[in-house]
Amino acid sequence: MKKILFTFLILIYSHSSFSQVFSYGIVTGVEMFRPPSTNDKILRVGWDNYHLNYGVYGEYGISKRFGVKFELIYNSKSIQIWSSNNLYAKINYIDFNSNLKLNLGSKYNKGFYLVTGGRVSSMIKNDNNFTNIDDINNYKFNNIDYGLQFGAGFRFVKYIDFQLRYDNSISEFLSYKNEKAKYFSLNALIYIDLEKILN
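For the sequence shown, this note's numbering gives the first residue as 3, with consecutive numbering after it.
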């Protein structure tokens, strides 16, 4: 995480000619997630399961209407598993999100916009209470998870965006014998544009 932040700071102070079309900043928000009903044989979780997440982003405006947005976000998910052993796990991820942005305002980064794209999540930590050898062997967590995203947002002051985004995993992050667990989530995010603040 320290290396990621260090690289991000280097990018902030090294940009010059791209300041008109390139912006960067920090992002934080809340993710609420749950599995679809087909996964109820494995996971026991509802909409009360939510966590804070935070990270950094970079954005490049290709034209007045279109741009690309890249994010590195740290998040965690707590899950309970249908089991007589009362199994649970807290999993920490680093998400890389790559989205195409359609600007609906009069100028780029002003007014409403839509985003859509993909996510790649890498598991960096898994805290669980698995002690039974059968549980350890039967419940398999994938180190990499993939998802598709779409959402909408708007810039309500000069350097702050608010965005609502839906995320649907397209790969299972947990499997148990022949059962596969996916999830979908809703994200409420705040973006702070440091390029606007510092220049």
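Glycine included, C-beta positions come from ideal geometry on N, C-alpha and C.
With respect to the C-alpha of residue 126, the residue from 132, 97, 197 having the closest C-alpha is 97. The three-state reading of DSSP puts residue 128 in strand, counting E and B together. Spatial neighbours of residue 174 in its own chain (CB-CB distance under 7 angstroms, excluding positions within 5 residues in sequence) are listed in chain order as 144, 182, 183, 184. The alpha-carbon of residue 27 is positioned some 13 angstroms away from that of residue 164. Apart from the 5 residues on each side of it in sequence, residue 116 sits with its Cβ closer than 6 angstroms to the Cβ of 104, 154 in its chain, given in chain order. Beta-bridge analysis with DSSP links residue 93 to 79, 128. Contact between residue 156 and residue 168 is absent: CB atoms are separated by about 16 angstroms, not below the 8 angstroms threshold.
For residue 184, there is no enclosing alpha helix (DSSP H), as DSSP gives it neither H nor E.
Between residue 199 and the set 59, 162, 139, the nearest pair of CA atoms involves 162.
Distance check between residue 146 and each of 61, 93, 58, 59 places 93 closest, using alpha-carbon atoms only. Under the DSSP assignment, residue 139 falls in the alpha helix (DSSP H) whose first and last residues are 135-140.
Under DSSP, residue 55 takes part in a beta bridge, and its partners are 31. In this structure, the beta-carbon distance from residue 63 to residue 122 does not fall below 8 angstroms. Between residue 76 and residue 101 the beta-carbon gap is near 18 angstroms, outside 8 angstroms, which marks them as no contact.
Residue 117 is bridged by DSSP to 103, 153.
About 5 angstroms separates the Cβ atoms of residue 90 and residue 82, confirming a contact at the 8 angstroms cut-off. According to DSSP, residue pairing for residue 159 in a beta bridge involves 162. Within the model, the alpha-carbon separation for residue 177 versus residue 141 is close to 6 angstroms.
Taken through DSSP and simplified to helix, strand or coil, residue 64 comes out as coil. Residue 160 and residue 194 have their C-alpha atoms roughly 10 angstroms apart. Sequence-distant partners of residue 179 (beyond 5 residues in either direction) whose C-beta falls short of 8 angstroms from its own C-beta, in its chain, are 140.
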